[in-house]
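**Student:** Below you'll find the structure I mean.
What follows is the structure, encoded as structure tokens:
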């Protein structure tokens with residue numbers, strides 16, 4: 001019974017596949033999986049938007065939306081209807097074709113990443129050997145759509161936002177990649193499936209997730225920060241920067257195209273948190289050995305939603321960075337730390353079992369963090385700073 | 001240490017988040033259509049016309065002098081004088097506004113009409129729910145919608161209304177004393193010169 005619950009969606013897919021002639025079975029299976037992905041993530045997007053609005057409200061001691069339906073639960077429906085019925089305005093001098101294509105390219109690129117993400121036991125659409133590479137390739141191509149949107153709008157704010165977005169995404173792609181390279185080093189594979197398998201064993205009832213190692217924790221923290229910057233989340237929301245450049249690259253978008261950008265942004269967030277969960281938090285594996293009977297997909301989506309909640313929490317806490325702070329942080333702190341983390345992971349690999357590698361690796365990671373934080377703060381490159389004219 | 005401030009900030013927002021579910025004092029939001037706060041005495045939104053007594057048409061203080069119409073910066077007051085006259089609060093016959101309209105969509109709540117009115121006839125209201133689905137007729141508030149009793153005025157701005165009443169009573173007393181003195185003088189004059197008819201001042205007063 002529990003086995004069936006775990007494999008519920010796989011069995012469902014196989015059952016539908018059994019209904020069609022043999023020649024059509026493979027195609028049917030793929031279409032079913034794609035439809036499932038395209039149905040599930042926008043639903044989660046609606047949920048996440050509601051969660052974000054309510055959560056941010058509570059953090060600011062407000063109620064948040066509570067008018068549409070019981071406890072404001074139908075707010076996403078109202079938002080959806082609103083954006084669908086709004087007029088689609090295209091600027092007179094805009095590059096119409098590129099302006100039209102940009103949101104589509106974004107949505108397609110962010111959804112492509114889910115093709116290789118294992119969302120449960122046996123629940124992966126394409127079992128690719130280099131799936132990590134594929135996810136990063138797809139993640140990087142969202143930059144193109146952002147720049148398309150900014151350039152084609154023929155608006156100074158859009159262009160500024162697009163420039164900021166591209167600069168930020170390229171800068172943070174480096175630490176994002178380098179922080180996940182440690183996982184590749186440890187598992188010896190680029191396949192996300194294999195990475196989950198490598199973390200799916202327990203000792204003393206606790207899982208062997210990579211986040212519970214010194215290099216894994218360091219990599220995890222770096223990954224979270226870089227993921228926030230990649231998805232343009234606060235405090236790295238300079239490309240949007242409502243108070244500075246209105247909405248950045250999607251200033252000139254309205255109606256459904258705006259909704260597509262919004263959707264793309266959130267689905268991209270799900271994608272990157274799904275990747276982070278797979279790399280560091282054991283993917284669909286249970287957090288304790290005695291909880292392995294709970295269906296694997298519940299763990300995966302639960303972890304992703306927890307990650308999203310953390311993003312919301314951070315958004316409710318931190319103010320926006322300035323462009324030079326952003327760049328300083330990426331190149332003068334994140335990059336050296338991730339490079340050092342590669343070294344630490346290598347040390348861990350070649351020091352063998354025992355407490356010594358724990359002590360040495362922890363000491364190196366913590367020491368480097370403290371040292372770099374201190375020097376960076378003393379030089380005023382990172383950390384809090386005083387503003388001569390603002391205070 | 002680096003990151004210390006971020007952790008402190010995260011703890012603060014977490015405290016807010018959890019606290020908003022526990023303590024009601026944290027949530028200062030007034031859920032407007034169901035809950036309301038009493039209007040603040042000094043608040044002002046839109047002008048209204050004060051009337052004394054029970055009948056608004058008889059008791060309207062406005063004498064259609066059109067000072068407010070001329071002083072109004074966005075020119076949102078429209079007044080038409082009446083042809084006939086009616087007695088005001090001291091009993092002196094005055095013309096009254098046959099038409100008195102204020103455009104809600106134009107009024108900027110500056111209170112200049114109130115400052116310039118020599119008859120204490122126009123005052124600021126605290127009612128703010130003036131939205132309407134009829135953007136032509138509904139936004140132009142006419143005389144009968146604008147007229148509100150002196151009791152209402154006492155209800156929304158008690159101190160100001162008390163001052164106004166005191167001032168009006170003083171003025172009325174002064175006018176009455178003056179009339180009395182004039183009547184006495186006239187009577188004395190009439191007594192001194194019995195040849196002239198005594199009905200003359202009385203006739204002038206009634207006209």
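Protein chains in written order, with the working numbering: chain H, 1 to 391; chain Y, 1 to 207. Built from N, CA and C at the ideal position, the CB exists for glycine as well.
1) Hey, is residue 367(H)'s beta-carbon within less than 7 Å of any beta-carbon in chain Y?
2) Below 8 Å on the Cβ atoms is my contact criterion, and I expect residue 299(H) with residue 285(H) to pass it. Report the Cβ-Cβ distance as a whole number of Å.
3) List, in chain order, every chain Y residue whose beta-carbon is nearer than 8 Å to that of residue 60(H).
4) Between the stretch 135–142 of chain H and the stretch 102–121 of chain H, do three or more beta carbon pairs fall short of 8 Å?
5) Is the stretch 171–189 of chain H close to the stretch 329–338 of chain H, with three or more CB pairs under 8 Å?
6) Please check the pair residue 59(H) and residue 16(Y), which I expect to be a contact at CB under 8 Å, by giving their CB distance rounded to whole angstroms.
7) Are there 16 or more other CB atoms within 10 angstroms of the CB of residue 89(H), so buried, or fewer, so exposed?
8) Among residues of its own chain, excluding the 5 on either side of residue 68(Y), which ones have a beta-carbon nearer than 7 Å to its beta-carbon?
9) Would you please state the rounded distance, in angstroms, between the beta carbons of residue 248(H) and residue 158(H)? I believe it to be under 8 Å.
10) Beta-carbon within less than 7 Å of residue 111(Y)'s beta-carbon, same chain only, minus the 5 sequence neighbours each way: which residues are those?
11) Specify the secondary structure class of residue 93(H) as computed by DSSP and reduced to three states.
12) Identify whether residue 98(Y) lies in helix, strand or coil by the three-state DSSP scheme.
13) Are residue 29(Y) and residue 63(H) touching if we call contact CB-CB under 7 Å?
14) Is the stretch 15–27 of chain H touching the stretch 263–283 of chain H, taking contact as three or more C-beta pairs under 8 Å?
15) Among the candidates 122(H), 215(H), 261(H) and 288(H), whose CA atom is the shortest distance from the CA of residue 204(H)?
16) Within the continuous alpha helix (DSSP H) that includes residue 125(Y), where are the two ends?
17) For residue 153(Y) and residue 146(Y), what's the separation of their Cα atoms in angstroms?
18) Taking a contact to mean a Cβ-Cβ separation below 7 Å, would you say residue 259(H) touches residue 83(H) in this structure?
19) Just by C-beta distance, which residues in the stretch 15–38 of chain Y are closer than 9 Å to chain H?
20) Looking only at C-alpha atoms, which of 120(Y), 170(Y) and 101(Y) sits nearest to residue 136(Y)?
21) Does DSSP put residue 141(Y) in a helix, in a strand, or in coil?
22) Measure how close the beta-carbons of residue 191(H) and residue 148(H) come, nearest whole angstrom, since I'm counting them as under 8 Å.
23) What span of residues does the alpha helix (DSSP H) with residue 324(H) cover, start to end?
24) Who are the Cβ neighbours of residue 207(Y) in its own chain at under 6 Å, not counting the five residues just before and after it?
25) Roughly how many angstroms lie between the CA atoms of residue 131(Y) and residue 138(Y), to the nearest whole one?
26) Alpha carbon to alpha carbon, what distance is there between residue 227(H) and residue 352(H)?
27) Can you tell me which of the three DSSP states residue 49(Y) falls into?
28) Using the Cα positions of residue 314(H) and residue 72(Y), report the straight-line distance between them to the nearest angstrom.
**Tutor:** By the coordinates alone:
1) no
2) 7 Å
3) Result: 16.
4) Between the stretch 135–142 of chain H and the stretch 102–121 of chain H there are three or more inter-stretch CB-CB distances shorter than 8 Å, so the stretches are counted as touching.
5) In short, these stretches touch, since the Cβ pair count reaches three.
6) The pair is a contact, with the Cβ atoms about 5 Å apart (cut-off 8 Å).
7) Residue 89(H) is exposed by the Cβ-count criterion.
8) 77, 113, 116, 117 and 122
9) About 7 Å separates the two Cβ atoms, so the contact holds.
10) 44 and 124
11) coil
12) strand
13) yes
14) no
15) Out of 122(H), 215(H), 261(H) and 288(H), 288(H) has the C-alpha closest to the C-alpha of residue 204(H).
16) That residue, residue 125(Y), is in no alpha helix (DSSP H); its beta strand (DSSP E) goes 122–125.
17) Cα to Cα, the separation comes out at about 12 Å.
18) yes
19) 16, 17, 18, 19, 20, 21, 26, 27, 28, 29 and 31
20) 101(Y)
21) strand
22) Residue 191(H) to residue 148(H), Cβ: 31 Å. No contact.
23) 323–328
24) Any reading at residue 207(Y) needs caution, since the residue's pLDDT is 44, under 50, leaving its predicted position unreliable; the model's value is listed next. Correct list: empty, nothing qualifies.
25) 8 Å
26) 31 Å
27) strand
28) 51 Å
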